[in-house]
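Line by line, the protein sequences are chains A and B. For the first sequence, the working numbering gives the first residue as 1, with consecutive numbering after it. For the second sequence, the working numbering gives the first residue as 756, with consecutive numbering after it. To start, the structure itself, in structure tokens.
2 protein chains.
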Amino acid sequence: MTNSETGLKERQFKIVGTRPLRPDGIDKVTGRARFGADMAAPGMLVGKILRSPHAHARIRSIDATKALVLPGVKAVVTHEDFAEVGADLQDVLENVMAQDKALYDGHAVAAVAAISAGVARKALRLIEVDYEILPHVTDVEAAMAAEAPVLHDDIVTSGVEPAPKTPSNVVHRHEFGHGDVAEGLAQADVVIEHDFKTAATHQGYIEPHACVGSVGPDGQGELWCCTQGHFWVRNTCAALLGMDVSHLRVTASEIGGGFGGKTTVFIDPVALALSRKAGRPVKIVMSREEVFRASGPTSSTAMTVKIGVRRDGRITAGEAVLKFQGGAFAGSPVDLGAMTAFACYDLEHVKTVAYDVVTNRPKQAAYRAPGAPMAAFAVESVIDELASKIGMDPIELRLKNAVENGSQSSYGPKFGPVGLVETLVAAREHEHYTAPLGANQGRGIASGFWFNFGGQTCVSLNINADGSVALAVGTPDIGGSRASMGQMAAEELGIGYDKVRTIVADTASLGYNDISEGSRVTFSTGLATIQAARDAIGKLCGRAAQTWGISPDAVVWEDGYARPAGANAGEFPPLSLAEIAETAAKTGGPIAGHCEVNAAGAGVSFATHLVDAEVDPETGRAKILRYTVVQDAGKAIHPSYVEGQYQGGAVQGVGWALNEEYIYGEDGRLQNPSFLDYRIPVASDLPMIDTVIVEVPNPGHPYGVRGVGETSIVPPLAAIANAVSAAAGVRLTELPMSPPRVLRGIDEAAANGKA
Amino acid sequence: MTNSETGLKERQFKIVGTRPLRPDGIDKVTGRARFGADMAAPGMLVGKILRSPHAHARIRSIDATKALVLPGVKAVVTHEDFAEVGADLQDVLENVMAQDKALYDGHAVAAVAAISAGVARKALRLIEVDYEILPHVTDVEAAMAAEAPVLHDDIVTSGVEPAPKTPSNVVHRHEFGHGDVAEGLAQADVVIEHDFKTAATHQGYIEPHACVGSVGPDGQGELWCCTQGHFWVRNTCAALLGMDVSHLRVTASEIGGGFGGKTTVFIDPVALALSRKAGRPVKIVMSREEVFRASGPTSSTAMTVKIGVRRDGRITAGEAVLKFQGGAFAGSPVDLGAMTAFACYDLEHVKTVAYDVVTNRPKQAAYRAPGAPMAAFAVESVIDELASKIGMDPIELRLKNAVENGSQSSYGPKFGPVGLVETLVAAREHEHYTAPLGANQGRGIASGFWFNFGGQTCVSLNINADGSVALAVGTPDIGGSRASMGQMAAEELGIGYDKVRTIVADTASLGYNDISEGSRVTFSTGLATIQAARDAIGKLCGRAAQTWGISPDAVVWEDGYARPAGANAGEFPPLSLAEIAETAAKTGGPIAGHCEVNAAGAGVSFATHLVDAEVDPETGRAKILRYTVVQDAGKAIHPSYVEGQYQGGAVQGVGWALNEEYIYGEDGRLQNPSFLDYRIPVASDLPMIDTVIVEVPNPGHPYGVRGVGETSIVPPLAAIANAVSAAAGVRLTELPMSPPRVLRGIDEAAANGKA
């Protein structure tokens, strides 16, 4: 550990690490907060989208004549109403509005703007689409088969030698790793290989996508929308509509959940295109059915993992083959799955092969740590079984192989200071780990990893004349970040948390900000906030120096006060931030701090989860009895929101592990597009989720912050699978572990004489 | 003229000086623009204000019991619902909501928030106010009389020796000038002295005051309002409600006219106080009657001016006594009237005495060049008569005495480069000046002066990845400033005007900006825009240097391109702004420029107006036949909007001169609170207003800008009075010169044997 890390560990914070009220809290519980559907504009129309009822069909023609003459209909748009875009946005555009083919059940083919929802719905029924129905495929392995119907004539698998000559649903083959797996496996005493499958799940955010778009006859547009990244939405919508970026102003509403699912666009460009044609603002709000059918669920996957271990617990080699279908377009997170699969372990021989596959399903979107939970499910299941096979405690096995500072990662770079060992030790020492279990109960453990990102970030900090501070950030607040940014600003400036008000600025008021994703916000917006505060502090010291008539170099900032230092120390009484702010007009004008940065140095994060489950052998129903999350936060700025992230990851993992799945019929249509048939965990399904915050500071952040939002969903599938497998007495390799599937596992094991 | 001024005169602009479309233009003509009353919030209530029917009354008690039990009433507020404020805001608070006394007809005494306008109105009638009616006074000279009813027990005239001991309606006596007036008058060949009176007028903005305020149970507030200065509104409302400034976020709507009248608050703190009590957003929209009775009209005045002149045209001395009533509270602009009265002339002996007087009228607010038009009316009328008396052309007389670079002003400082002589010469050379006149027609000329202000200003300029630019300013656009700011940014950056989109940012997104007033915006927001652009250019050059691997000092910015210079000249092909922007993420992140400044160096401005009028001797009706405005703009960024300011000032001056007046009855109540009875000029009253833009660059601005909005209303009252007096054959000394008053003048002159 370097000195600077030691310094981070020893730094005494006053506000960072406390748990103040979030600025949006009361608004949200009283209903005052404005979400996507809460915006209205004078003369606003209702937009509705016509969606393909077919999983795969050529669109021969679209005839909107009858719809357009229906009184109250103001505009109809199809793919012809969008601009030509570069290759980077072609899939986004085609997903927003089908071009020559409908590629999945629910794919948008046209949209209408009308004076009411009723008229709009009626108009949709009057739009005549001539479809040529094509064979479809929704399963990842079926889509990889030679005889599978091919979605895109222009996709030829890349990343393989020799380059194939015929179109395929396999977009790309990735490979990561180092060493020689065959050699490593040869050194093993025990080798286990399993096939795994996971179903597609949905982020399950409570708020459906909603927006109000308006484009005037002068080509100037405004958009109010529910998103994790309004700057990205602005740039993308501007491109899809053929506008200058500066001609579109986007304001992010409050957001009722995103979890990665609100990092792209579905309805926003459609509302803008309708508005441009109709000459009036257009609101579109997705129904829950539309959210399920036509937003961005996760990939479903098929995976094979083989790991070898010596009797002393040393893993000699690991190998994984991952196949992820990402829906109708390229870009499943299978590469991220492959990179994270073995990231917890310091292996001499490791290899992951990943196939990105298209199927007739909605284009997948990010969902917390995209790709990682499935890969961890497969790898950590095998690790668990290996521990059992060699009779070693599963935490001990992991500790023997865990990466630490300086380890070569399985996906390339070397790690800096990391906290996996600390989470494993904390889990082992936790009372939960040795608590007694009853009949039909099992305990599972799993570790997980996420990279965490940095990225482009802008922050402006303005000091008001009364000494209060307006902090403008550009990253939508999806997990309490307005509070944690306010804490970091207050900490740095040396003022009270309640003196800082953080807002999410619109796209016209601040420079570009990457999306709130990749667990990047507390790290990079925090970094930018601290830098903006330091910029302001420099100016505050300058004003004090001016007031005192001394050199700015002779002024230091301490605990909210400018103080004369060096030769001038003690010469003048210190000036508080409020005192300097009060006279700012006289000393040069308003005082502000700014930061525009592409933040590097995000610290990777590890977690270890402990879970107890009970399986009813009669019904196959698994129940979670106890759950403990141990995760490295680097530094928890606001521990309650860190804990909330930990708990939320675990809860979503419970749903993914036990119940949630996209079910497609033979016809290629989604059979369960509602919360009645797609079962997310409710309070009665869950125990309290206990949390342990481990803090191994990230030297890339002034306060040591690592991201926390993603890592927390990486271990749950595996930890729960290990617990349920232990409780059921049979290794379960397919998610969700719904009662029928668990029961079948128990029955098959019994038939095989294992139970 | 210094080299830098010459440089300014010779600088070749590409975009500055052209006339592009204003960004708000199409929105405004299509109805898409959102004004104060166009905002809505979920659950919004309607706020209405109970106003005093008495000109002066003690409020013994307010009983809202009956109103509060009316179904649908959610809150009632009185003065008790506001915070204690410092002396600087006491009058603002007391004007917003009466404390122990109602001080004028229309003074707010209570307010109600209810579920509908109907319920709110009914509730107002149920609020019982026990008034003790007091004697009142509405005329300025009557208010100065010893026997006048005194409005405020705590006002004792300041600025006089010895200090009086008894309360008075005279708040303050100001005195400006230099030399010895008696000595100067003794040198004169001709001395003329007249008394003048002007009536109170209203700015006549088309959009009444409107706002939506919302304060949550966490004490966090939002305000949407129609204002000239949302940052000032924020600070003031926060103080009146006892909030931290950062806890209130204010967004300025589009504004349907302000002219100074929207530089203060009337309803905004009331909406916020109601919302805080009701727990729901509250909208208040003033009726036109409320606007007349209870917003901020101008002072009415009584003035005496005495000027002496030698036969050769040299003015030997000038003296003025100005008495302005500013309504029920201190702060009439009589001091500004006194400072500007003789500002056009380089006098050895000059003195102005000014009395700030309170009466039972609404607290006056600013109206374009506050105080100056009335003072110019008096002084320029006497100058006109003196010219006539000594048989000298009135322009020649003015040229003989006009201030120029280095002249000692009548109010204190020395002038820098100024353009009065240039406007007089341009007026003399204008074809209008020698065009023939018919019977009953007269030509008037007058000059006028305004200081122009700078002040606190913040601008952020963000460069988008496509090379378009988002320019965030904090000064509400009351005259096309989004266009002129965009022009200056585009000029500086070397890109097209259409690549820049200017918005007015809310108070949470940008540092403090003074109000859009005092003709400060094009000067100071322009200055800040240019500085922000230069800040961005520095960063653009730095990124280019980084890309090329050369020193940032070896990069210059020319015509929108970074170019290697010096030893590196020609080494690399130039990089455009768009090229640098496209790769910004890779070279360090987003590129922005910022400026926070308290701008000094605003250049004073002069104008000379020519006007032809015809008087109907039968009815006394004066008609404006022809009007030419000649004014120094320093540099006209967008000539159309400069011309618009010139024309607007002239038109409002026509109304003030001929028809507009507040008429109070014996009961102290306003008798004409509607546009039917308060007559502003309509199109058929007006000729085309011709304009001549003179450009004498202001060395305090990079492009030479002076403000233009205020000076244009300074000469009209005088110029029209001179024209009408010439046409009527009698000196008219009281405004408005409405038909009865002109006829009375003609009749009196005839009776005196003058006609």
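Beta carbons: idealized from backbone N, C-alpha and C, even for Gly.
Proximity of residue i and residue j at Cβ, strictly below 7 Å
i	j	result
E1465 (chain B)	S1274 (chain B)	yes
I478 (chain A)	G258 (chain A)	yes
T953 (chain B)	T1114 (chain B)	no
G1423 (chain B)	L1472 (chain B)	no
H862 (chain B)	S807 (chain B)	yes
L272 (chain A)	C226 (chain A)	no
S1030 (chain B)	G791 (chain B)	no
A528 (chain A)	T457 (chain A)	yes
A40 (chain A)	A796 (chain B)	no
V1228 (chain B)	T1280 (chain B)	yes
Neighbourhood of residue i by C-beta, 6 Å cutoff - its chain only, sequence neighbours within 5 removed
i	result
A338 (chain A)	H174, F176, L322, T352 and A354
P426 (chain A)	Checking the displayed sequence, the identity of residue 426 (chain A) turns out to be Ala instead of Pro. Once the five neighbours on either side are set aside, the close Cβ partners of A426 (chain A) are V630, V692 and V694.
G1325 (chain B)	none
V851 (chain B)	P1024
P740 (chain A)	none
S725 (chain A)	R731 and L732
A636 (chain A)	V642 and I693
F324 (chain A)	S299, T301, S332 and V334
Other residues of its chain near residue i: CB distance less than 7 Å, five sequence neighbours each side excluded
i	result
R774 (chain B)	H1393, P1394 and S1395
V1255 (chain B)	V1224, L1226, G1241, A1244 and A1245
A123 (chain A)	A67, L70, V73, V112 and A114
P574 (chain A)	Y561, A562 and R563
M998 (chain B)	G974 and G976
Residues near residue i by beta carbon distance below 8 Å, same chain, minus five either side
i	result
A1339 (chain B)	I1218, A1220, R1298, P1345 and I1346
S4 (chain A)	Any reading at S4 (chain A) must be qualified, since the residue scores a pLDDT of 49, below 50, and its modelled position is unreliable; no value is offered.
E1415 (chain B)	A954, T956, H957, G959, Y1433, R1434, I1435 and P1491
K1294 (chain B)	I1346, A1347 and G1348
Exposure of residue i, with buried meaning 16 or more beta-carbon neighbours within 10 Å
i	result
A721 (chain A)	buried
I383 (chain A)	buried
T757 (chain B)	Model confidence at T757 (chain B) stands at a pLDDT of 41, short of 50, so the residue's coordinates are unreliable and nothing is read from them.
K1341 (chain B)	exposed
D908 (chain B)	exposed
A536 (chain A)	buried
Q1119 (chain B)	buried
N752 (chain A)	exposed
D335 (chain A)	buried
R60 (chain A)	exposed
Whole-angstrom C-beta distance between residue j and residue i, which should lie under 8 Å
i	j	result
E492 (chain A)	I530 (chain A)	5 Å
L805 (chain B)	V864 (chain B)	5 Å
Determine, using beta-carbon pairs with one atom in the stretch 368 to 378 of chain A and one in the stretch 436 to 451 of chain A, whether at least three such pairs fall under 8 Å. yes
Contact the stretch 421 to 436 of chain A vs the stretch 609 to 618 of chain A: 3+ CB pairs below 8 Å: yes
Can you find at least 3 beta carbon pairs, one from the stretch 176 to 189 of chain A and one from the stretch 342 to 351 of chain A, that sit closer than 8 Å? yes
Can you find at least 3 beta carbon pairs, one from the stretch 770 to 785 of chain B and one from the stretch 837 to 850 of chain B, that sit closer than 8 Å? no
Evaluate the contact criterion for the stretch 212 to 220 of chain A versus the stretch 266 to 285 of chain A: three or more CB pairs, one atom per stretch, below 8 Å. yes
Between the stretch 1266 to 1273 of chain B and the stretch 979 to 989 of chain B, are three or more C-beta pairs nearer than 8 Å? yes
Validate contact between the stretch 123 to 132 of chain A and the stretch 155 to 169 of chain A using beta carbons, cut 8 Å, 3 pairs: no
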